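Data first, discussion second: the structure below is written as structure tokens.
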Amino acid sequence: MPDVKLEDAPKTMDAARKPNPSAKPPLDARLTEQRNPRSLRIDQMSSLEIVDLINAEDRLVAAAVSDERERIARAIDLVVESFGRGGRLIYVGAGTSGRLGVLDASEMPPTYRTEPELVQGVMAGGYEALLRAQEGAEDIPEDGAQAMDDRAVDGRDFVLGIAASGTTPFVHGALKRARERGARTGFLLCTYPSEELLQAHDVVIAPLVGPEVVTGSTRMKAGTATKMVLNMISTASMVKTGKVYGNLMVDLQVTCQKLQDRGERILMETLGVAREEAERLLDAAGGHVKTAIVMSRLGLDAAAARQRLEQSGGSIAALSGR
Numbered sequence: 002m003p004d005v006k007l008e009d010a011p012k013t014m015d016a017a018r019k020p021n022p023s024a025k026p027p028l029d030a031r032l033t034e035q036r037n038p039r040s041l042r043i044d045q046m047s048s049l050e051i052v053d054l055i056n057a058e059d060r061l062v063a064a065a066v067s068d069e070r071e072r073i074a075r076a077i078d079l080v081v082e083s084f085g086r087g088g089r090l091i092y093v094g095a096g097t098s099g100r101l102g103v104l105d106a107s108e109m110p111p112t113y114r115t116e117p118e119l120v121q122g123v124m125a126g127g128y129e130a131l132l133r134a135q136e137g138a139e140d141i142p143e144d145g146a147q148a149m150d151d152r153a154v155d156g157r158d159f160v161l162g163i164a165a166s167g168t169t170p171f172v173h174g175a176l177k178r179a180r181e182r183g184a185r186t187g188f189l190l191c192t193y194p195s196e197e198l199l200q201a202h203d204v205v206i207a208p209l210v211g212p213e214v215v216t217g218s219t220r221m222k223a224g225t226a227t228k229m230v231l232n233m234i235s236t237a238s239m240v241k242t243g244k245v246y247g248n249l250m251v252d253l254q255v256t257c258q259k260l261q262d263r264g265e266r267i268l269m270e271t272l273g274v275a276r277e278e279a280e281r282l283l284d285a286a287g288g289h290v291k292t293a294i295v296m297s298r299l300g301l302d303a304a305a306a307r308q309r310l311e312q313s314g315g316s317i318a319a320l321s322g323r
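Per this note's numbering: the sequence shown = residues 2 to 323.
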């Protein structure tokens, strides 16, 4: 069998997304359940051929995500608006989609010093499903609705459902209840969204990555696209709420030696001070980089610096003119 080379990938996104018109109609209309014609003989390929094939398919993911850029930006604005109202970003999913939502949420406190409640991941089957599949947990819409009740979702919140196939009952149940409770909602999927779905939510993001290398294995291209979209939503939301200065994670809280070193380097870079002065400032600021920057820039003690930051909505640029 000849090697599968990167240039053998489909030349256009449409070629990757759409079933072959000359082929018989698929048994399942969801794009995530289609068979990929380029991997029909994957079980006969060498290891290198499989690597090349998967790599070629993965090249389609960024383009599919780019096609959804306006919808992703809309979701970011909805999140920032929710934060401004004192609300939360809540991801809801099952299986790979749910795990990716929990992962993204769990990385916000250590990276951006957010309260754990600000960005949450809700997983069908609960904590146990993160480690071991809970069969059938995703099939009960009432459990999704109960999860929204348990978290007292209200009009301040933005709830983003994540389901590669677009059909997970747990996710639909959660979003329906979230809307009933007044929240804004969005949906992230990797197949063609129905008109009903588009009408039901404030934003629908649908990166069409095409059929998976292994049919239905949405932890692959769909999972990669999901991770990329969630990275964009959470990162941009943190940037727009003052958690980043320039491109530096200035809301960093020192909790280990690695972060101590990073915090000191951020201070050295932004303030032009030596390592010893950066260490002193960071210690005086209780290990909070943003506070240390304001202390140095404005000649304040830690308490006064924190107060000024609170008054500026957490933005260093608003305080210093940059």
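For each residue, glycine too, the CB sits at the ideal point set by N, CA and C. Owing to the predicted nature of the structure, the values given are computational and were not obtained by experimental measurement.
- Query: Under three-state DSSP, which class holds Tyr-128?
  - Reply: coil
- Query: Gly-122 and Ser-98: beta carbons closer than 8 Å?
  - Reply: no
- Query: Which word fits Val-52, buried or exposed, when buried means at least 16 other C-beta atoms lie within 10 angstroms of its C-beta?
  - Reply: exposed
- Task: For the beta strand (DSSP E) containing Leu-249, list its first residue and its last residue.
- Result: From DSSP, Leu-249 is part of no beta strand (DSSP E); its letter is neither H nor E.
- For Cys-191, does the count of other Cβ atoms within 10 angstroms reach 16, so buried, or fall short, so exposed? buried
- Beta carbon of Tyr-246, beta carbon of Ala-306: below 8 Å? no
- heavy atom of the ligand GTP below 7 Å from Phe-159 C-beta: Because no ligand of any kind appears in the structure shown, any question about the ligand GTP cannot be addressed here.
- Message: Along the chain, where does the alpha helix (DSSP H) containing Leu-61 start, and where does it finish?
- Response: 48–67
- Among Glu-71, Gln-261, Arg-185 and Met-109, which residue has its Cα nearest to the Cα of Arg-86? Arg-185
- Task: Under 6 Å Cβ to Cβ from Gln-147, same chain only, skipping five residues before and after it: list those, please.
- Result: none
- Item | DSSP-derived helix/strand/coil call for Arg-31 | coil
- Message: At the level of alpha carbons, what is the spacing between Glu-58 and Ala-134?
- Response: 26 Å
- Query: Could you check where the beta strand (DSSP E) with Arg-39 kicks off and where it finishes?
  - Reply: From DSSP, Arg-39 is part of no beta strand (DSSP E); its letter is neither H nor E.
- Task: Compute the Euclidean distance between the alpha carbons of Val-274 and Leu-231, then round it to the nearest angstrom.
- Result: 36 Å
- Message: With a threshold of 7 Å on Cβ separation, who are the neighbours of Val-66 within its own chain once the five nearest residues in sequence on each side are excluded?
- Response: Pro-208, Ala-226, Met-229 and Val-230
- Query: Of all the options Met-221, Val-251, Ala-74 and Tyr-92, which has the alpha carbon lying nearest to the alpha carbon of Val-154?
  - Reply: Tyr-92
- Query: Assuming Asp-105 and Ser-235 make a contact with CB atoms under 8 Å, what is their CB distance in whole Å?
  - Reply: 5 Å
- Task: For the region 125–209, list the alpha helix (DSSP H) runs that are entirely contained and at least 4 residues long, ordered along the chain.
- Result: 129–132, 142–151, 170–181 and 196–201
- Look up Val-80 in the DSSP assignment and say whether it is helix, strand or coil. helix
- Please classify Val-290: does DSSP put it in a helix, a strand, or coil? helix
- Can you tell me which of His-289, Gly-187 and Ala-125 puts its alpha carbon nearest to the alpha carbon of Tyr-113? His-289
- Among Cys-257, Thr-256, Leu-260 and Val-251, which one has its Cα closest to the Cα of Leu-272? Val-251
- Measure the alpha-carbon distance for Leu-351 versus Glu-277 and round it to whole angstroms. Nothing in the structure corresponds to residue 351, since the chain is present only between 2 and 323.
- Rounded to whole angstroms, what's the CA-CA distance from Ile-163 to Phe-188? Just pull it up for me. 6 Å
- Task: Kindly indicate the opening and closing residues of the beta strand (DSSP E) around Gly-94.
- Result: 90–94
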